[in-house]
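Peer 1: Residue numbers (this note's numbering): 2 to 340. The structure follows.
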Ligand code: GLU
């Protein structure tokens, strides 16, 4: 029987670290090293591994992920695994999901525990990712599943996966939807298919953004009694400090402190400004509360409603919309189906 051809593209991250002379972990391992550590891979797939970069995911750039997406789009393979750091996996996986339109499994995986520790999770996660990529149910539903993340024997949709702990072994979850599948023994057990209408709609509006330039988006988290100095600085600066859009990590169902309501409404007149749930997800309110910084007032003032998308993912989506040259109203249409 011919084994599926799986391409592994390695970017860096804890999964690819090794200790330096002082014992500190440094990026160093390449794709071949990752594959060599998991001999069982050869029983599942015909592996072709390539080192794309040795960059920690905390330092990856949007342009690098766009280049990676272009590379994946042109690959002749039955499945693709991207290995990277965990720090931005929830963002890079979502960006790949917005950019790619492939009918083969595309999976991002990583490690929380480095190879020098007693029980590193990198080899197991890589094996699980390849197992998922080769699984008949996953292959049959590849387009419906979109880009996936595989961590600790669970499979998550790119739009929903979050890093929910900085150091714990089980650091990944999809709190709003749960996993798409689970791995047990040598099996992939399907659990659900993601509802992808909003992502599909967004992708259609975004189209081809190849060659487009970076569009800096500010992410401003709203905390108790936020005084709004950064908002004021953006308003005062001729070029809005260089930002082309703003995501507000808003309180509750879509609120900001009343003292800064005039600032955010002024900003929304100048830059696409997304209101996104600082709770990390879940649809926000649209028509419950009154008052100057309520959802009713903010929506009326032109703030764009981010729906159930986590603020980090909203920032990725807004950056991509801006690259596509979409204006405020189309951006609002892109976000609207997210709830
Ligand atoms: N900060 C590094 C990165 O994201 C290491 C963290 C990790 O991979 O877990 O690449």
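Glycine included, C-beta positions come from ideal geometry on N, C-alpha and C.
Using three-state DSSP, classify residue 280 as helix, strand or coil.
Peer 2: Residue 280 falls in the coil class under three-state DSSP.
Peer 1: Determine contact between the region 221 to 228 and the region 114 to 129, defined as no fewer than three beta-carbon pairs at a distance below 8 angstroms.
Peer 2: With a cut-off of 8 angstroms, the region 114 to 129 and the region 221 to 228 do not count as touching, because too few Cβ pairs lie within range.
Peer 1: Starting from residue 158, trace the beta strand (DSSP E) in both directions and tell me its first and last residue.
Peer 2: Residues 155 to 158.
Peer 1: Report the three-state DSSP secondary structure of residue 109 (helix, strand or coil).
Peer 2: In the structure shown, residue 109 sits in a strand (DSSP, three-state: E or B).
Peer 1: Report yes if the C-beta of residue 86 is less than 7 angstroms from at least one heavy atom of ligand 1; otherwise report no.
Peer 2: Result yes, Cβ under 7 angstroms from ligand 1.
Peer 1: So is the beta-carbon of residue 14 under 7 angstroms away from any non-hydrogen atom of ligand 1?
Peer 2: Yes, ligand 1 has a heavy atom inside 7 angstroms of this Cβ.
Peer 1: From which residue to which residue does the alpha helix (DSSP H) around residue 201 run?
Peer 2: That run of the alpha helix (DSSP H) goes 198 to 207.
Peer 1: Expressed to the nearest angstrom, what Euclidean distance is found between the alpha-carbon atoms of residue 179 and residue 83?
Peer 2: Rounded to whole angstroms, residue 179 to residue 83 spans 22 angstroms at the Cα level.
Peer 1: Could you tell me the alpha carbon to alpha carbon distance between residue 210 and residue 25, rounded to whole angstroms?
Peer 2: Taking the straight line joining both Cα atoms gives about 39 angstroms.
Peer 1: Name the residue from 87, 32, 184, 80 whose alpha carbon lies nearest to the alpha carbon of residue 148.
Peer 2: Measuring from the Cα of residue 148, the nearest candidate turns out to be 80.
Peer 1: Answer yes or no: the CB of residue 166 versus the heavy atoms of ligand 1, is any distance below 7 angstroms?
Peer 2: Every heavy atom of ligand 1 is 7 angstroms or more from the Cβ of residue 166, so no.
Peer 1: Provide the residue span of the beta strand (DSSP E) that contains residue 357, from first to last.
Peer 2: The requested residue 357 does not occur in the structure, where the chain is confined to residues 2 to 340.
Peer 1: Looking at the structure shown, is residue 177 part of a helix, part of a strand, or coil, going by DSSP?
Peer 2: Three-state result, residue 177: coil.
Peer 1: Kindly list the residues whose CB is nearer than 7 angstroms to the CB of residue 317, restricted to its own chain and excluding five residues on each side of it in sequence; keep chain order.
Peer 2: 92, 95, 96.
Peer 1: Which term fits residue 132, buried or exposed, when burial requires 16 or more other beta carbons within 10 angstroms of its beta carbon?
Peer 2: Classification of residue 132: buried, given that the 10 Å Cβ count is 16 or more.
Peer 1: Just grab the DSSP bridge partners of residue 48 for me.
Peer 2: 7, per the DSSP bridge assignment.
Peer 1: Do you know offhand how far residue 331's Cα is from residue 135's?
Peer 2: Spanning the two alpha carbons is a distance of roughly 38 angstroms.
Peer 1: At what residues does the alpha helix (DSSP H) containing residue 303 begin and finish?
Peer 2: Premise fails: residue 303 is in no alpha helix (DSSP H) and is neither H nor E.
Peer 1: Under 8 angstroms, with one C-beta from each stretch per pair, do the region 217 to 224 and the region 304 to 323 reach the 3-pair mark?
Peer 2: Yes, the region 217 to 224 touches the region 304 to 323.
Peer 1: If the criterion is Cβ atoms closer than 8 angstroms, does the pair residue 277 and residue 248 meet it?
Peer 2: The answer is yes: Cβ separation under 8 angstroms.
Peer 1: Could you check where the beta strand (DSSP E) with residue 84 kicks off and where it finishes?
Peer 2: Element bounds for residue 84: 80 to 84.
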